[in-house]
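Asks: Below you will find the structure I want to go over with you.
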Amino acid sequence: MSRIVEPGGKGVPYFSLVAWIALVAGPLIGHLGVQLVVSPNCGMWGLNCLFYTGMVSLAFWTLGTISATIATVSDEPRGLAIPALLLNALPLLGALVATGMFIARN
1 MSRIVEPGGK GVPYFSLVAW IALVAGPLIG HLGVQLVVSP NCGMWGLNCL
51 FYTGMVSLAF WTLGTISATI ATVSDEPRGL AIPALLLNAL PLLGALVATG
101 MFIARN
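Residue numbers (my numbering): 1 to 106.
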């Protein structure tokens, strides 16, 4: 379903690869976006700079979680899909818990 069959009979696990790339690319693109686009003076890492980086990272991790979930239920190798799913979902779970704690405190 999610694999393109090559002449050798082996497919490329595209959804797993997207999940692993999202795991690494989210924070990297978030930091580069803060330094290049949002404010060139974010050397002190103000709250707005951290917020932008966090939101970009969470967006990529959400994409990675969805992609890894699709890879898990399709015919892609579980050795690539399950670790990508766990590593993409843990930051999302942490953000959810932190948001819940923040709301409960106020």
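The beta-carbon is built from N, C-alpha and C at its ideal position, and this holds for glycine as well.
#1: Which residue wins for smallest C-alpha separation from GLY54, given the options GLY100, LEU28 and ARG78?
#2: Going by the CB atoms, is the gap between ALA95 and LEU133 shorter than 8 Å?
#3: Mind checking whether PHE60 and ALA25 have CB atoms under 8 Å apart?
#4: Cα separation between LEU86 and ILE66?
#5: Excluding the 5 residues flanking ALA98 on each side, which residues of the same chain have their C-beta closer than 7 Å to its C-beta?
#6: Our contact map puts ALA19 next to ALA68 with C-beta atoms below 8 Å; I'd like the distance itself, whole angstroms only.
Replies: Working from what's here:
#1: LEU28
#2: Nothing about residue 133 can be reported from this structure: the residues present for the chain run from 1 to 106 only.
#3: yes
#4: 11 Å
#5: none
#6: 4 Å
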